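So in numbering that gives the first Met the number 0, spot 18 of the sequence shown is number 17, and the numbers just go up one at a time.
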Amino acid sequence: MVSNEPTLPWPGTSAGGGYTTAADLMRFAGALMSNKLLKAETLAEATRPQFTTGAYGFGFQLGPERSGTYGHGGGAPGMNAIHRVYPDSGQSVIVLCNLDSPSASRIGDWLRARMPLR
0 MVSNEPTLPW PGTSAGGGYT TAADLMRFAG ALMSNKLLKA ETLAEATRPQ
50 FTTGAYGFGF QLGPERSGTY GHGGGAPGMN AIHRVYPDSG QSVIVLCNLD
100 SPSASRIGDW LRARMPLR
């Protein structure tokens, strides 16, 4: 095993410096979907395309056009994560990996393909 410590940014910063748990991310998704964290109108604005690429809102990566999904992902060498929220079904997918990208996205896609549609 090789340590990735020399490649890591300061804790709490972007691009691999974030830290959380799956339980924290589930609470975050629940607070978003129940409008406890943001008003419905504010969340709708934050999760609509804000830039010419159409794939990014205010702090959220957006799913395919008109899918309504949003979330974020990222990582650094030796770690990778995604958090995707599916508000129409009230479900979320969270993947935290000790592997390089795109491991989390691949696992998230695999999980989503097996989730019941509501």
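For each residue, glycine too, the CB sits at the ideal point set by N, CA and C.
Here the structure is a predicted model, which means the values were calculated and not measured.
Proximity winner among G58, D99, G29, relative to S88 (alpha-carbon distances): G29
Buried or exposed (CB count within 10 angstroms, at least 16 for buried), N97: exposed
Any 3 or more C-beta pairs closer than 8 Å across the stretch 53-73 and the stretch 81-95: yes
Identity of the residue in R26, G53, G72 nearest G17 by Cα: G72
Nearest-angstrom Cα separation, counted from D99 out to M78: 5 Å
Integer Cβ distance of R83 from G70, believed to fall under 8 Å: 4 Å
Cutoff 6 Å; reference S91; Cβ partners in own chain excluding five residues on either side: A28, V84
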